[in-house]
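K.L.:
In this note's numbering, the protein residues as written are 508 to 857.
(1) Quick check on the DSSP output: the beta strand (DSSP E) that includes residue 621 runs from which residue to which?
(2) With H, G and I counted as helix, E and B as strand and the rest as coil, what does DSSP make of residue 674?
(3) Check residue 568 in the structure and name its three-state DSSP category.
(4) Quick one: residues in its chain with C-beta nearer than 8 Å to the C-beta of residue 634, no 5 flanking neighbours on either side, listed in chain order?
(5) Quick test of your reading: residue 626 and residue 709, contact by CB under 8 Å. State the CB separation rounded to the nearest angstrom.
(6) What first and last residue would you give for the alpha helix (DSSP H) that runs through residue 844?
(7) If we count the other Cβ atoms within 10 Å of its Cβ and call it buried at 16 or more, is residue 846 buried or exposed?
(8) For residue 707, which of helix, strand or coil comes out of DSSP?
(9) Which value, in whole angstroms, describes the spacing of the CA atoms of residue 622 and residue 671?
(10) Report the option in 606, 803, 618 and 565 whose CA atom is closest to the CA atom of residue 579.
(11) Under the three-state reduction of DSSP, which class applies to residue 758: helix, strand or coil?
(12) Does DSSP classify residue 599 as helix, strand or coil?
(13) Would you give the residue range spanned by the alpha helix (DSSP H) that residue 800 belongs to?
(14) Can you give, in chain order, each stretch of the beta strand (DSSP E) that sits fully within the region 733–786 and has at least 3 residues?
(15) Please state whether DSSP places residue 488 in a helix, a strand or coil.
(16) Could you give the first and the last residue of the continuous alpha helix (DSSP H) run that contains residue 637?
(17) Using 8 Å as the threshold, is the C-beta distance between residue 673 and residue 701 below it?
(18) In terms of alpha-carbon separation, which member of 715, 667, 666 and 640 lies closest to residue 571?
Shown next as structure tokens:
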């Protein structure tokens, strides 16, 4: 779920001061009605750590209009850059964790400024070239998203070579990007680099008012800016998987699965024994004959004395019996006889 970041600008005094303040707000969604829903929203908001304005941006620049009559020193750009965090450090230092940025300049007339915000994203997005944007149907994408989108396009258009699946046959769109007729897919991440560039910063035009009419009833100027945020389910998933109770629960589930497998195995063995003794009690003589014949064939196979065909040489009782329902009247036997009679030797004998 994305968050909207509201940027509020306030006009200053006769010196020409300004203040930029950020407030992170969630997008409106379908929620419950009544006092219970309000209480749940209040509890969830109190549990969730609020992300400040500086969390979403890694650079802020305020540029003044060059046509202003103010002295050059008073219209120098104001720049803030987020400091690089040392390894294993998650939170920003207090000086870089803020919701408002205030500045002042000496001026007796209104100042036109442009506030440039450089977004800070965990998965950095890039601006795509016209050729690459035509293939992916987006103008901004991460590096992993670019490779995945090209892979989907290659599969949809059937551009993989038949003899080598890693080889991609470039159509007219891919030839504009790679400049060749064929390319190996592992080379695409490096080859597509020249078609990406840093995304443009967010530019907010604003006029710092110093006239008396405006300051009789000043009103803030609000900008709604959409910024990419980390998936909230990821933090919940990390907290779940790193919870010791989760690990203990998974061990318990694995132990129960093993017990279920042992029980199913025991049931299978019990069913086999039940079938064995049931057949023995119904017809002991025939059962013992079949069982001895089966054991004899297994013993011949183990000792290597079984004839070709797995120990079945046509001397069994089922082959001695003829008739309409015998083994010789089966479809397999008729098919074998047809092939035997179709041999050249049989035709020559006729």
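C-beta atoms are modelled at their ideal positions from N, C-alpha and C, and glycine is treated no differently.
P.N.:
Taking the coordinates as given:
(1) First-last of the beta strand (DSSP E) with residue 621: 618–626.
(2) Correct three-state label for residue 674: strand.
(3) Look at residue 568 here: in three-state DSSP terms it is strand.
(4) Scanning its chain for C-beta atoms nearer than 8 Å, with the 5 sequence neighbours on each side dropped, one finds around residue 634 the residues 646, 647, 703, 704, 705, 706 and 707, in chain order.
(5) Sure, about 7 Å apart at Cβ, within 8 Å.
(6) Start and end: 838–848.
(7) Residue 846 counts as exposed, since fewer than 16 other beta carbons sit within 10 angstroms of its beta carbon.
(8) Coil at residue 707, not helix or strand.
(9) Looking at the backbone, the Cα of residue 622 and that of residue 671 are separated by about 52 Å.
(10) Answer by Cα proximity: 618.
(11) Taken through DSSP and simplified to helix, strand or coil, residue 758 comes out as helix.
(12) Reduced to three states, the DSSP call for residue 599 is coil.
(13) Counting along the chain, the alpha helix (DSSP H) containing residue 800 begins and ends at 791–810.
(14) The region 733–786 contains no whole beta strand (DSSP E) run of 3 or more residues.
(15) Because the chain in this structure spans residues 508 to 857, residue 488 falls outside the shown range and cannot be described.
(16) Unbroken alpha helix (DSSP H) run through residue 637: 637–643.
(17) No Cβ-Cβ contact shorter than 8 Å links residue 673 with residue 701.
(18) When only C-alpha atoms are compared, the closest one is 715.
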